[in-house]
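K.L.:
Shown below is the structure under consideration.
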Amino acid sequence: MHRVINLTAIFFILTFIVCFSSDMTHSSEDKIMDSIMSELPGFEELKKYHPDVYQEILVQIQEYAKSGDEDTIKSIVQAQVMAMFAKDVLKAPPEAIVEYLNSTNKLIDYASERDPKCCDSFLRGDTRCFEQILSFAEMKEYLTMMGNVIRLAHTKTSTQKLDEEKATADIVKISTSDELPVGDNCKLSIYIFESFAELPPDRMSNAFKYMIQSVAPQ
Numbered sequence: 170m171h172r173v174i175n176l177t178a179i180f181f182i183l184t185f186i187v188c189f190s191s192d193m194t195h196s197s198e199d200k201i202m203d204s205i206m207s208e209l210p211g212f213e214e215l216k217k218y219h220p221d222v223y224q225e226i227l228v229q230i231q232e233y234a235k236s237g238d239e240d241t242i243k244s245i246v247q248a249q250v251m252a253m254f255a256k257d258v259l260k261a262p263p264e265a266i267v268e269y270l271n272s273t274n275k276l277i278d279y280a281s282e283r284d285p286k287c288c289d290s291f292l293r294g295d296t297r298c299f300e301q302i303l304s305f306a307e308m309k310e311y312l313t314m315m316g317n318v319i320r321l322a323h324t325k326t327s328t329q330k331l332d333e334e335k336a337t338a339d340i341v342k343i344s345t346s347d348e349l350p351v352g353d354n355c356k357l358s359i360y361i362f363e364s365f366a367e368l369p370p371d372r373m374s375n376a377f378k379y380m381i382q383s384v385a386p387q
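Have a look at this one:
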């Protein structure tokens, strides 16, 4: 089940990758970069509710334009966005979590159908080929769901209390199923997400939040 958490972490990197358009990386003016980022789904919410993280992304894009050191920049941004988003996930209402996980599953499904080898590489942390097989519309759909989690975490904060016993039971049931695919990371991830989707929204949210809480930076 840690694959779900690892997958979520990889998507934080993808959020940053979307910003690497030539217009942004070759511009040194904050206003131009800010204008472009504001047009990307999810970044409006990021700017409004987490201005410090948003500003740091602007700074790192400028650094990338100067140095071209993509790996270092991604690492810095991933750590900050992951910590921020994990906290918002814990506060978001169940419906936002359901939509987010369903959107995540769709991207993995797309990748599995179009290029299984690329899908496997993506799940191992290499996003390069994944950027090529996803359309911008598909990326925007995911970023919209991510932004929705951020917004609702602050405007419709969940009162749901984590039920560790139920979460553990659901996670164990999914991860020990006889139908669990073996030897194919993509099929395994799809199976996990589809199994989550079969749970009632409250339990689906509860189990995912429990896993996020277990690995989220404190």
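Each residue of the sequence shown is one higher than the one before, starting from 170 at the first, in the working numbering.
Note that beta-carbon positions come from the ideal geometry of N, C-alpha and C, so glycine has one too.
Because the structure is a prediction, the values reported are computed rather than measured.
Can you tell me where the alpha helix (DSSP H) with histidine 219 in it begins and where it stops?
P.N.:
Position 50 of the sequence shown, counted from the start, is the residue given in the question as residue 219. Segment: none, histidine 219 is in no alpha helix (DSSP H) and carries neither H nor E.
K.L.:
Taking just the CA atoms, how far does isoleucine 361 sit from methionine 380?
P.N.:
The sequence position of residue 380 within the sequence shown is 211, counting from 1. The sequence position of residue 361 within the sequence shown is 192, counting from 1. Methionine 380 and isoleucine 361: Cα-Cα distance of roughly 13 Å.
K.L.:
At the level of alpha carbons, what is the spacing between serine 281 and cysteine 355?
P.N.:
On the sequence shown, position 112 is the one that residue 281 refers to. On the sequence shown, position 186 is the one that residue 355 refers to. One C-alpha to the other measures close to 6 Å.
K.L.:
Which residue comes first and which comes last in the alpha helix (DSSP H) that contains lysine 309?
P.N.:
To locate residue 309, count along the sequence shown from 1; it is residue 140. Its alpha helix (DSSP H) spans residues 305 to 324.
K.L.:
According to DSSP, simplified to helix, strand and coil, what is serine 191?
P.N.:
In the sequence shown, residue 191 corresponds to position 22, counting from 1. Confidence at serine 191 is low in this model, with a pLDDT of 42, below 50, so the placement of that residue should be treated as unreliable; the coordinate-derived value is given next. Note: serine 191 maps to helix in three-state DSSP.
K.L.:
By a C-beta neighbour count over all protein chains shown, 10 Å radius and 16 as the cutoff for buried, is leucine 349 buried or exposed?
P.N.:
By 1-based counting over the sequence shown, the position of residue 349 is 180. Burial call: exposed.
K.L.:
In its own chain, which residues sit with a C-beta less than 7 Å from the C-beta of alanine 248, not counting the 5 before and 5 after it?
P.N.:
Reading the sequence shown from its first residue, position 79 is the one you call residue 248. Hits under 7 Å: none found.
K.L.:
Can you tell me the Cα-Cα spacing of lysine 216 and lysine 335, whole angstroms?
P.N.:
Along the sequence shown, read from residue 1 onward, the residue named residue 216 stands at position 47. Along the sequence shown, read from residue 1 onward, the residue named residue 335 stands at position 166. Approximately 35 Å between the Cα atoms of the pair.
K.L.:
With 16 other CB atoms within 10 Å as the buried threshold, where does alanine 140 fall?
P.N.:
This structure cannot speak to residue 140, because the chain is shown only from 170 to 387.
K.L.:
May I have the straight-line CA-CA distance separating valine 250 from glutamine 301, to the nearest angstrom?
P.N.:
Taking the first residue of the sequence shown as position 1, residue 250 is located at position 81. Taking the first residue of the sequence shown as position 1, residue 301 is located at position 132. Distance between the alpha carbons of valine 250 and glutamine 301: 23 Å.
K.L.:
Report the three-state DSSP secondary structure of aspartate 332 (helix, strand or coil).
P.N.:
Along the sequence shown, read from residue 1 onward, the residue named residue 332 stands at position 163. Of the three classes helix, strand and coil, the one that applies to aspartate 332 here is coil, per DSSP.
K.L.:
Within the same chain, show all residues whose beta-carbon is closer than 7 Å to that of proline 285, passing over the 5 residues directly before and after it, in chain order.
P.N.:
Working through the sequence shown from its first residue, we reach residue 285 at position 116. So the list reads Cys355, once near-sequence residues are dropped.
K.L.:
Return the residue from the list Ala265, Ile230 and Asp339 that minimises the CA-CA distance to serine 244.
P.N.:
If you number the sequence shown from 1, residue 244 lands on position 75. Closest option to serine 244, Cα to Cα, is Ile230.
K.L.:
What three-state label does DSSP hand threonine 337 in the structure shown?
P.N.:
Counting from one through the sequence shown, the residue named residue 337 turns up at place 168. It is helical.
K.L.:
Is proline 350 helix, strand or coil when you go by DSSP?
P.N.:
Reading the sequence shown from its first residue, position 181 is the one you call residue 350. Three-state DSSP puts proline 350 in coil, outside helix and strand.
K.L.:
Tell me the rounded alpha-carbon separation between alanine 252 and serine 374.
P.N.:
Within the sequence shown, numbered from 1, the residue matching residue 252 stands at position 83. Within the sequence shown, numbered from 1, the residue matching residue 374 stands at position 205. Straight-line Cα distance between these residues: approximately 18 Å.
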